[in-house]
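As you go down the protein sequences, you meet chains A and B in turn.
Note that this note's numbering has the first sequence beginning at 1390, numbered continuously upward.
Note that this note's numbering has the second sequence beginning at 203, numbered continuously upward.
Glycine included, every Cβ here is placed at the ideal spot set by N, Cα and C.
Let me begin by presenting the structure, written as structure tokens, before commenting on it.
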Amino acid sequence: MNKKQLKYVSVIVKLAMTLLVISPFYIALIYSVKSKQEMVTNRLAFPKTIHWDNFTRAIETSNFGLALKNSLVTTVLAVIFITLICTMASYIIARKNNRFYNLIYYLFVGAMIIPFQSIMTPLYIDMTRWKLLNTLHGFIFAKIGFQIAFTVLLVSGFVKSIPKELEEAASIDGAGMYSVFFQIVFPLMKPIVLTSIVLNALNVWNDFQMSLTLLQQKQVRNIPLTQYFFFGENSIELGLAFALFILSVIPILGLYLTLQKYIIGGITQGAVKG
Amino acid sequence: MKSLSAGKTPRSTVQSRRLFYCILPFIILCFLFSYFPLYGWIYAFFDYKPPLKLSQCEFVGWKWFKTLFANKTQIGQMIQVMKNTFAMSLLGIATSILPMGFAVFLNEIQCRWFKNLVQTLTTLPNFISWVLVYSVAFCLFTDSGMVNNFLLGHGMIQAPVKFLDSDTHTYLWMTMWNLWKGLGWGAIMYLAAIAGIDPELYDAARVDGANRFQLMKRITVPCLLPTFFVLLMLSIANFLNNGMDQYYVFQNSFNKTHIQVLDLYVYNVGMTGSSLSLATAISMLKSLVSVTLLLTVNFVSKKTRGEAII
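This is how it looks when you write it as structure tokens:
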């Protein structure tokens, strides 16, 4: 195989794979803006007139507004807390590199190897007892508790690579503990903070298993649950279903596309560390 | 704490304490949600009925563990569940070579924007949840879905094909969806590793007259093997953890026999089968096996590569 042939083959393989991967998105997009008549006549072509009716009806029947509110509240609050907590905790753990803080580090990381299934039922029972079942704040607490481990692992590895000299200089100049952290260290941590924001936001936003266990009543359903029950409760109208899909995908894809650089950066760092 | 304060000025001791108090609440939070529920394993030894307190429930000892292997139907069910779990994990491991191939080919593209575009687009599905994957699958493949409409419309079939409500090729379907969702994401790891390969290796090989295909075979692939090995180890450690989301959303009364992996089984027994105690017992066994696997793999990795994976 010579150079040119190889190039063509690889480009064709790439194109085919890419098309295969994004075709469902394309189909969902065009079906959601088609009227029923047009769905029968032209299937895969772009619609002649854009038809927003599917979206308005999907929002009404699935109670999408409430789900969006629940998802936004849980994701935003959980991510803010996780980010603040974990950056500070990782900073302390990485800088105070003594036996005590190493123990705490292993305590956090050890939590990662406990599979969710093994504590799912006890967690459910505990949450009922603590009156946190079917509440958004209960879900946020549980989510924070679970994500701390992973985020501390991610961030503290990064903090170790930041040189100490800057902080020492700042504290010699009389800066206190908090101003050293917020004015010197935090800005340097920006890439990893953004990575952890994206990964955590995706995790909380897309979470299905924990929401299914902890949020069982209608008024606290988030987007994944709403989506799931929508298919169980309604006879399916394709346009409507695709419209709901598009609506649920938009926020997370927006976040991914804007912060994409940092996700890949973060993964790369993790990979290099092995 | 003794070693901490030894030989330091009072100011720094106070500061250390303050720092510690800052993270204390979160240690408690992490503990409360990750470790504390482990105490709930005690439910596996009781006949727990939800509204009652544990003290009001009967202590049954190893009953639930014995129930698992008590009669033929139970054993049969367990074997089927384990078969599904093994099948999905093995298929996952078998297809884990594909992201590597994808990355190697992607790297051959010279045009930067095209490469980035392909990478971005193929990574997209990783960021949508399984519920959304299912909803797309549903819209495409259900009786009145797009594919059936299309085939019927063109007279290729007489009656709608049941893609989802059937038990044929369940493993294959699940693996395909898994690949669709994870291929691009899996490739990122390898692309990072490729970026780390020393360019001098390529230059030296080119001087010796190697063509692109040979470069790929002799340099890129061997350099990626360590990454592949680490990921393989991790997937062996996660052999029993297929996750539940995917199988939960795709399950229905038709494909239940072949889709019920261990994680899903625990959920079905615990949350819908109304025996929390039995579910706890199964998950307990599962966790013990998982953690053992992880530690073994880590040990093997330490011995063979001189480097632990966790």
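Check	Outcome
Just the chain A side, please: which residues come within less than 9 Å of W382 (chain B) by C-beta, in chain order?	L1409, V1410, P1413
Flag this pair as yes or no: are the beta carbons of W332 (chain B) and Q448 (chain B) separated by less than 8 Å?	yes
Note down, in chain order, every chain A residue with its Cβ under 8 Å from the Cβ of T322 (chain B).	L1646, Q1649
When you compare the CB positions of V471 (chain B) and I461 (chain B), do they come within less than 8 Å of one another, or not?	no
Kindly list the residues whose CB is nearer than 7 Å to the CB of V1468 (chain A), restricted to its own chain and excluding five residues on each side of it in sequence; keep chain order.	I1586, N1589, A1590, V1593
If the criterion is Cβ atoms closer than 8 Å, does the pair F422 (chain B) and I396 (chain B) meet it?	Looking at the sequence shown, residue 422 (chain B) is not Phe but Thr. Their beta carbons are under 8 Å apart, which means T422 (chain B) touches I396 (chain B) by this criterion.
With DSSP collapsed to three states, give me the class of V1402 (chain A).	helix
From V1638 (chain A) to M1406 (chain A), what does the alpha carbon distance come to, in whole angstroms?	21 Å
Are I1439 (chain A) and M348 (chain B) closer than 8 Å when you measure CB to CB?	no
Rounded to a whole number of angstroms, what is the C-alpha to C-alpha distance between I229 (chain B) and P1436 (chain A)?	55 Å
What did DSSP end up calling D405 (chain B) once you bin it into helix, strand or coil?	helix
What are the start and end residues of the alpha helix (DSSP H) that includes F1453 (chain A)?	1453-1484
Grab the span of the alpha helix (DSSP H) containing Y1495 (chain A) for me, first residue to last.	1488-1499
If you measure between the beta carbons of N443 (chain B) and P1504 (chain A), is that distance less than 8 Å?	yes
With P327 (chain B) as the anchor, note down where its alpha helix (DSSP H) starts and where it stops.	Run containing P327 (chain B): none; DSSP gives neither H nor E here.
Span of the alpha helix (DSSP H) holding E1557 (chain A)?	1554-1561
At the level of alpha carbons, what is the spacing between K1393 (chain A) and F307 (chain B)?	14 Å
Going along the chain, which residues of its own chain have a beta-carbon closer than 7 Å to the beta-carbon of A289 (chain B), five neighbours each way excluded?	Y373
In angstroms, rounded to a whole number, what distance separates the CA positions of A361 (chain B) and S346 (chain B)?	11 Å
Quick check: the Cα distance between K1662 (chain A) and M486 (chain B), rounded to an integer number of angstroms?	A caution first: K1662 (chain A) carries a pLDDT of 42, below 50, which makes its placement in the model unreliable, though a value can still be read off. Roughly 32 Å between the two C-alpha positions.
On the premise that Q1506 (chain A) lies in contact with V468 (chain B), defined as a C-beta separation below 8 Å, what is that separation, rounded to the nearest angstrom?	5 Å
Could you give the C-beta distance for A246 (chain B) and T482 (chain B), rounded to a whole number, given that I count them as a contact under 8 Å?	4 Å
Using a Cβ cut-off of 8 Å (strictly closer), state whether S485 (chain B) contacts chain A.	yes
Less than 8 Å separating the beta-carbons of T1647 (chain A) and G242 (chain B)?	no
Under 8 Å, do A1632 (chain A) and F1414 (chain A) count as touching if we go by C-beta distance?	no
Let me confirm a value: L427 (chain B) is counted as buried when at least 16 other C-beta atoms fall within 10 Å, else exposed. Which label applies?	exposed
Given this structure, state the Cα-to-Cα distance separating A1660 (chain A) from T322 (chain B), to the nearest angstrom.	Since pLDDT at A1660 (chain A) reaches only 42, below the 50 mark, its modelled position is unreliable, and the value read off the structure follows with that caveat. Rounded to the nearest angstrom, the two C-alpha atoms are 19 Å apart.
For chain B, find out if any of its Cβ atoms is closer than 8 Å to the Cβ of P1613 (chain A); answer yes or no.	yes
So A1500 (chain A) contacts chain B; which residues on that side make the cut at Cβ distance below 7 Å?	C232, S236, Y237
I'd like the span of the alpha helix (DSSP H) that includes H1526 (chain A), first residue to last.	1525-1548
Classify E1554 (chain A): buried if its beta carbon has 16 or more other beta carbons within 10 angstroms, exposed otherwise.	exposed
Please report whether the beta-carbon of P362 (chain B) lies at a distance below 8 Å from any beta-carbon of chain A.	no
Please confirm whether V335 (chain B) and K383 (chain B) have their CB atoms less than 8 Å apart.	yes
What is the rounded straight-line gap between the Cα of G1534 (chain A) and the Cα of Q1649 (chain A)?	26 Å
Roughly how many whole angstroms lie between the Cα atoms of L417 (chain B) and F365 (chain B)?	43 Å
Along the alpha helix (DSSP H) that carries R414 (chain B), what are the first and last residues, could you check?	414-417
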